[in-house]
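So the sequences go chain by chain: A and B.
Here the first sequence stands for residues 2 to 106, where the numbers follow this note's numbering.
Here the second sequence stands for residues 5 to 164, where the numbers follow this note's numbering.
Where a beta carbon is used, it is the ideal one built from N, C-alpha and C, also for glycine.
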Amino acid sequence: MQSEIPLHYMIVLSTLLFFIGLLGVLIRRNLITMLMGIELMLNAVNINFVAFNHYLYPHRMEGHFFALIVTAIAAAEAAVAIALIINIYRRFATVSVDDVDQLKY
Amino acid sequence: MLAASVVGFSILSVLDRRILRAAIYLLFVLVAISGLYFMMNYQFLAAVQLVLYAGGIVVLIIFSILLTSQINSRLDRPKLSHVLSGIFAAFGGIALSVTTVLQFTFKPVQAGALDVNMRTIGLHLMGTGADGYALPFEVISILLLAALVGSIFIAKKSNT
């Protein structure tokens, strides 16, 4: 019953989610909020993979594994990003990208 | 309803100026997305989404928020030019891709749905045959190890 939801709806949903994430990356100057926007964009891509896999090729599992791998990469990326953010905060006492303007002391 | 909660909470999480609330809205978005996966009968992926995103990444984000800012601190109001360009880019992209998607007719393959249970996932993930994903699996494990070691190295106090 649930698979009567058309594929277009899922794709429109993931499009909206992706561009909301893009909006979050663009309008915020805080590193953590930008990271949250990037997570939203990755999730939108995952929804797309899973929806295409489910609706168009239900006998194969490429989209499923792609989504798994994207999730793992997102976890690694978040770990590295938060290590960087904490290091930046320790050095500059801020997490705003406008105030972090030095590559090297 | 799941879709409405995904979109609504993601808008809230982007636009809320209290950063901790934004993180909690992000948690709601991720839980709703895992509900979508449940609806499409990918139970394993939904569980991974719940555990990794909702359990891991959001906790990590909240941790770093608490380490780097006060709980009640509000973000600065973004500059008007940033808001305008961001809204322009977002709505332009939405309009472009939605019109493109809606004009395209997808032709699904007529085949029986595969029952995605743990056994098939495991066999595919470690298989080296035509439908095997052993190489990406190993690459992702190396990447995770490198990322963990790298982040520990970055975050430790430099002794220079």
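Confirm, please, whether the CB-CB distance from residue 66 (chain A) to residue 137 (chain B) is below 8 Å. Taking 8 Å as the Cβ cut-off, residue 137 (chain B) and residue 66 (chain A) qualify as a contacting pair.
With 8 Å as the threshold, decide whether the Cβ of residue 60 (chain B) is near any Cβ in chain A. True, the Cβ-Cβ gap to chain A drops below 8 Å.
For the segment 32-46 of chain B, which residues have a CB atom closer than 8 Å to at least one CB atom of chain A, in sequence order? Listed by position, the residues of the segment 32-46 of chain B near chain A (Cβ gap below 8 Å) are 33, 34, 37, 40, 41, 43, 44, 45 and 46.
Just to confirm before moving on: does the CB-CB distance between residue 37 (chain B) and residue 10 (chain B) stay below 8 Å? Contact flag set, yes.
Return the CA-CA distance between residue 3 (chain A) and residue 5 (chain B), expressed in angstroms with no decimal places. Residue confidence for residue 3 (chain A) is low, a pLDDT of 48 falling below 50, so the modelled location carries little weight and cannot support an answer.
Residue 34 (chain B) and residue 47 (chain B) - do their beta-carbons sit closer together than 8 Å? Contact: no.
Can you tell me the Cα-Cα spacing of residue 87 (chain B) and residue 134 (chain B), whole angstroms? If I take the Cα positions, the gap works out to 48 Å.
CB residue 77 (chain A) to CB residue 151 (chain B), shorter than 8 Å? Cβ distance < 8 Å, so residue 77 (chain A) and residue 151 (chain B) count as in contact.
With three or more beta-carbon pairs closer than 8 Å as the criterion, would you say the segment 6-20 of chain A touches the segment 64-72 of chain B? No, the segment 6-20 of chain A is not in contact with the segment 64-72 of chain B.
DSSP three-state assignment for residue 123 (chain B), whether helix, strand or coil: Residue state for residue 123 (chain B) is assigned as helix, using DSSP reduced to three classes.
Less than 8 Å between CB atoms is the rule here; does residue 146 (chain B) satisfy it with respect to chain A? Judged by the 8 Å Cβ criterion, residue 146 (chain B) is not in contact with chain A.
Residue 29 (chain A) in three-state terms, based on DSSP: For residue 29 (chain A), the secondary structure class from DSSP, reduced to helix, strand or coil, is coil.
May I ask you to list the residues that DSSP assigns as paired with residue 97 (chain A)? According to DSSP, which records beta bridges pairwise, residue 97 (chain A) is partnered with A:31.
Where does residue 21 (chain B) sit, in a helix, a strand or coil, going by DSSP? Correct three-state label for residue 21 (chain B): coil.
Kindly indicate the opening and closing residues of the alpha helix (DSSP H) around residue 50 (chain B). Boundaries of the alpha helix (DSSP H) harbouring residue 50 (chain B): 47-52, taken from the DSSP string.
Does residue 31 (chain A) get closer than 8 Å to chain B when you measure Cβ to Cβ? Interface residue (Cβ-Cβ distance to chain B less than 8 Å): residue 31 (chain A) is classified as such.
Looking at the C-beta of residue 107 (chain B), does it have a partner C-beta in chain A at a distance below 8 Å? Using a CB distance cut-off of 8 Å, residue 107 (chain B) does not count as an interface residue toward chain A.
Cβ-Cβ separation, residue 85 (chain A) to residue 158 (chain B) (assumed contact under 8 Å), whole Å: The pair is a contact, with the Cβ atoms about 6 Å apart (cut-off 8 Å).
How about residue 85 (chain A): is its C-beta nearer than 8 Å to some C-beta of chain B? Under the 8 Å criterion on CB atoms, residue 85 (chain A) is classed as interfacial with respect to chain B.
Expressed to the nearest angstrom, what Euclidean distance is found between the alpha-carbon atoms of residue 14 (chain B) and residue 128 (chain B)? Using only the alpha carbons, I get a separation of about 33 Å.
For the segment 97-107 of chain B and the segment 42-61 of chain A, state whether three or more C-beta atom pairs, one from each stretch, are separated by less than 8 Å. By the C-beta criterion, the segment 97-107 of chain B is judged not to be in contact with the segment 42-61 of chain A, since fewer than 3 inter-stretch pairs fall below 8 Å.
For residue 46 (chain A), would you say it is in contact with chain B, using Cβ-to-Cβ distances shorter than 8 Å as the test? So no, residue 46 (chain A) is outside the interface.
What residues of chain A sit near residue 30 (chain B), judged by a beta carbon separation below 9 Å? Using a Cβ-Cβ cut-off of 9 Å, residue 30 (chain B) is close to 37, 40 and 41 of chain A, given in chain order.
Once you ignore the five residues that flank residue 90 (chain A) on each side, which residues in its own chain have a CB closer than 6 Å to its CB? Take residue 90 (chain A), set aside five residues on each side of it, and the residues of its chain with a beta-carbon closer than 6 Å to its own are 96, in chain order.
Since residue 88 (chain A) meets chain B, which of its residues come closer than 7 Å, beta carbon to beta carbon? Result: 158 and 159.
Please report the distance separating the alpha-carbon of residue 98 (chain B) from that of residue 111 (chain B). Each residue's Cα considered, the two are about 23 Å apart.
If we count the other Cβ atoms within 10 Å of its Cβ and call it buried at 16 or more, is residue 63 (chain B) buried or exposed? Residue burial annotation: residue 63 (chain B) is exposed, with fewer than 16 other C-beta atoms found within 10 angstroms of its C-beta.
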